[in-house]
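The next block holds one structure in the form of structure tokens; read it before the comments.
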Amino acid sequence: MDSDYTYDDTTVSLSIGERRFKVSRKRLTDVSPIFADMFQLPSANDDPIDLPVDIDEFRHFLWYLHVSIVEFIKWDKECTGDARFRRLLGIAAIAHVYQAPDVVAWSVAQLLPLLSSVPVRDVATVKRLYDFALRAEGVDPQLQTQCRDYWCSRVRESSDPIEWLLAAHSLNNQYLQAYAYFHILGCSGATLASDSRLTVVDRLRLLVGVTNLRRFTKPKSICACTPNRKRCSCIQCGRPVIRSYCDSCHKWEQFPVEPVSEDQAQHSSTIAPITNQPAEAPIMSDVILQDDYGTLSLWEVFTRSELGDLIGHEAETTIGMLSPLAT
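Each residue of the sequence shown is one higher than the one before, starting from 3 at the first, in the working numbering.
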């Protein structure tokens, strides 16, 4: 008998909610010590073992363990876009929960290139991606940063940044909340005033953000205005502004206020004027805004008032409409 191709395997019953699975015991124990220990319990051969995981993600994980090489090659060639993204994320998430590091490493290596090519628009999927990146810290040094940048790119391209704010709230992530606030300011005042999803605290933070952003609009005496170029942009400070006043041409002009890195805030020399479409916001690991009065993180732009008070969820005051944002 050929020992290399003689298999002695049994099946095990698993359940997630009302769904039952009968799968190969060996394939699970080969990749995960958690399953190996779990199946040593006396009850493992009796009732189905209940697993507290997402059923769709677990199905992706089982597909990875049971797929034939022929099926895998076909999938690898033909499966693209959202479907490929979700399958790889599901495999990675379950493999991490059950301590299958080799499977995690493979799926993350396959997943990372998709972050620059697959524009997933489903908030729940991107939220699961970021949540996985937080839990899997240390798997890949690029994972958390790239997943956060991917989240921000989805916010920028979304027609509903408030939906992304709610997701950021559920993660309790200050940076993602602030990034959503920043892009919510691009909505019309009427939309903000009538949207019931914005809480009192959200409205207060948006008003504080407008106030703080206007601190970055101090007119400068040096302007890039020339006789043939009626444009006012500061070339002295190179900092983001909403409006800049030219002492020579006596005109105000709108400019995009975009998050910038500290290095850019100190060395940037040009700021493009606003067109009908907002300029793309750069995505960076550490985002700050800076003026003559100091430096604020993007989160502090929306939470720190001019008096230096932090605005938290304990705020009870009623703010009302956001009509100042429309002016």
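Where is the CB? At the ideal position from N, CA and C, for every residue including glycine. Since the structure is predicted, the reported quantities are computational estimates derived from the model, not experimental observations.
- Item | Pair within 7 Å by beta-carbon distance, L300 and A180 | What you label residue 300 is simply residue 298 of the sequence shown in a count that begins at 1. What you label residue 180 is simply residue 178 of the sequence shown in a count that begins at 1. For L300 and A180, yes; Cβs fall inside 7 Å.
- Task: Would you decide whether A126 is buried or exposed? Buried here means 16 or more other CB atoms lie within 10 Å of its CB.
- Result: Residue mapping note: residue 126 aligns to position 124 of the sequence shown, counting from 1. It counts as exposed.
- Take the Cβ of P163 as the centre, count every other Cβ of all protein chains shown within 10 Å, and call the residue buried at 16 or more, exposed below. Residue 163 sits at position 161 when you count from the first residue of the sequence shown. Buried is the label assigned to P163, since at least 16 other Cβ atoms lie within 10 Å of its Cβ.
- Task: Report the rounded CA-to-CA distance for E20 versus V157, giving the unit in angstroms.
- Result: Position 18 of the sequence shown, counted from the start, is the residue given in the question as residue 20. Position 155 of the sequence shown, counted from the start, is the residue given in the question as residue 157. When rounded, the distance between both Cα atoms is 35 Å.
- Message: N214 and V303 - do their beta-carbons sit closer together than 7 Å?
- Response: For this step, residue 303 is matched to residue 301 along the sequence shown. For this step, residue 214 is matched to residue 212 along the sequence shown. With respect to the 7 Å criterion, V303 and N214 are classified as neighbours on the basis of their beta carbons.
- chain C beta carbons: is any one of them nearer than 7 Å to that of Q112? Absent from the structure: chain C. Only one protein chain is present.
- Query: Does the separation of the CB atoms of F87 and V55 fall below 7 Å?
  - Reply: Counting from 1 along the sequence shown, the entry for residue 87 is found at position 85. Counting from 1 along the sequence shown, the entry for residue 55 is found at position 53. Going by C-beta atoms, F87 is not nearer than 7 Å to V55.
- Message: Comparing C-alpha positions only, which one of H185, C154, V14 and A97 sits nearest to S118?
- Response: Here residue 118 refers to the residue found at position 116 when the sequence shown is read from its first residue. Proximity to S118 across H185, C154, V14 and A97 peaks at C154, based on C-alpha coordinates.
- Task: May I have the straight-line CA-CA distance separating A135 from P143, to the nearest angstrom?
- Result: Locating residue 135 in the sequence shown gives position 133, where the first residue counts as 1. Locating residue 143 in the sequence shown gives position 141, where the first residue counts as 1. A135 and P143 have their alpha carbons spaced roughly 10 Å apart.
- Item | Rounded separation between T201 and M40 - CA only | As a working mapping, residue 201 is identified with position 199 in the sequence shown. As a working mapping, residue 40 is identified with position 38 in the sequence shown. Between T201 and M40, the C-alpha separation is close to 45 Å.
- Cα-Cα, which of N175, D204 and S172 is closest to I186? Here the question's residue 186 lines up with position 184 in the sequence shown. Per the Cα distances, D204.
- Nonlocal neighbours in the same chain, by C-beta distance under 7 Å from E139, ignoring five residues either side: Here residue 139 refers to the residue found at position 137 of the sequence shown. Q146, listed in sequence order.
- N- and C-terminal bounds of the beta strand (DSSP E) containing F23: The residue given as residue 23 occupies position 21 in the sequence shown. Annotation for F23: the continuous beta strand (DSSP E) segment containing it runs R21 to S26.
- Message: S17 and D52 - do their beta-carbons sit closer together than 7 Å?
- Response: Here residue 52 corresponds to residue number 50 of the sequence shown, with the count starting at 1. Here residue 17 corresponds to residue number 15 of the sequence shown, with the count starting at 1. Against a cut-off of 7 Å, the Cβ pair of S17 and D52 comes out as a contact.
- Query: Start and end of the alpha helix (DSSP H) containing T127?
  - Reply: Translated into the one-based positions of the sequence shown, residue 127 becomes position 125. Note, T127: alpha helix (DSSP H), V125 to R137.
- Item | Reference R150; option with closest CA among S161, F60 and L173 | As a working note, residue 150 is residue 148 in the sequence shown. The residue with the shortest Cα to Cα distance from R150 is L173.
- Task: Report the option in G83, Y132 and R89 whose CA atom is closest to the CA atom of L178.
- Result: Your numbering for residue 178 matches position 176 in the sequence shown. Answer by Cα proximity: Y132.
- Helix, strand or coil: how does DSSP classify D58 here? In the sequence shown, the residue the question calls residue 58 occupies position 56. Three-state result, D58: helix.
- Message: Cutting at 6 Å between CB atoms, please list the residues of its own chain near L167, excluding the five before and the five after it.
- Response: Here the question's residue 167 lines up with position 165 in the sequence shown. Setting aside the 5 residues that flank it on each side, L167 is surrounded in the same chain by A182, each with a C-beta closer than 6 Å to its C-beta; the list follows chain order.
- Query: How is the beta strand (DSSP E) around S15 delimited, first residue to last?
  - Reply: Numbered from 1 along the sequence shown, position 13 holds the residue referred to as residue 15. Where S15 is concerned, the enclosing beta strand (DSSP E) stretches over T13 to I18.
- Can you name the start and end residues of the alpha helix (DSSP H) that Q148 belongs to? Here residue 148 refers to the residue found at position 146 when the sequence shown is read from its first residue. Where Q148 is concerned, the enclosing alpha helix (DSSP H) stretches over L145 to E159.
- Just to confirm, are H68 and R89 a CB contact at a threshold of 7 Å? Position 66 of the sequence shown, counting from 1, holds the residue named residue 68. Position 87 of the sequence shown, counting from 1, holds the residue named residue 89. No, the Cβ-Cβ distance between H68 and R89 is not below 7 Å.
- From W108 to L43, what distance separates their C-alpha atoms? Walking along the sequence shown from the start, residue 108 turns up at place 106. Walking along the sequence shown from the start, residue 43 turns up at place 41. Here the C-alpha atom of W108 lies approximately 30 Å from the C-alpha atom of L43.
- Is R306 helix, strand or coil by DSSP? The count along the sequence shown starts at 1 and reaches residue 306 at position 304. Strand, per DSSP.
- Query: Between E59, A97, R22 and F60, which lies nearest to I36 when the distance is taken from Cα to Cα?
  - Reply: If you number the sequence shown from 1, residue 36 lands on position 34. When each option's Cα is compared against that of I36, the closest is A97.
- Query: Taking the C-alpha atoms as reference points, what is the distance between L209 and A169?
  - Reply: Residue mapping note: residue 209 aligns to position 207 of the sequence shown, counting from 1. Residue mapping note: residue 169 aligns to position 167 of the sequence shown, counting from 1. Near 21 Å, if we compare the C-alpha coordinates of A169 and L209.
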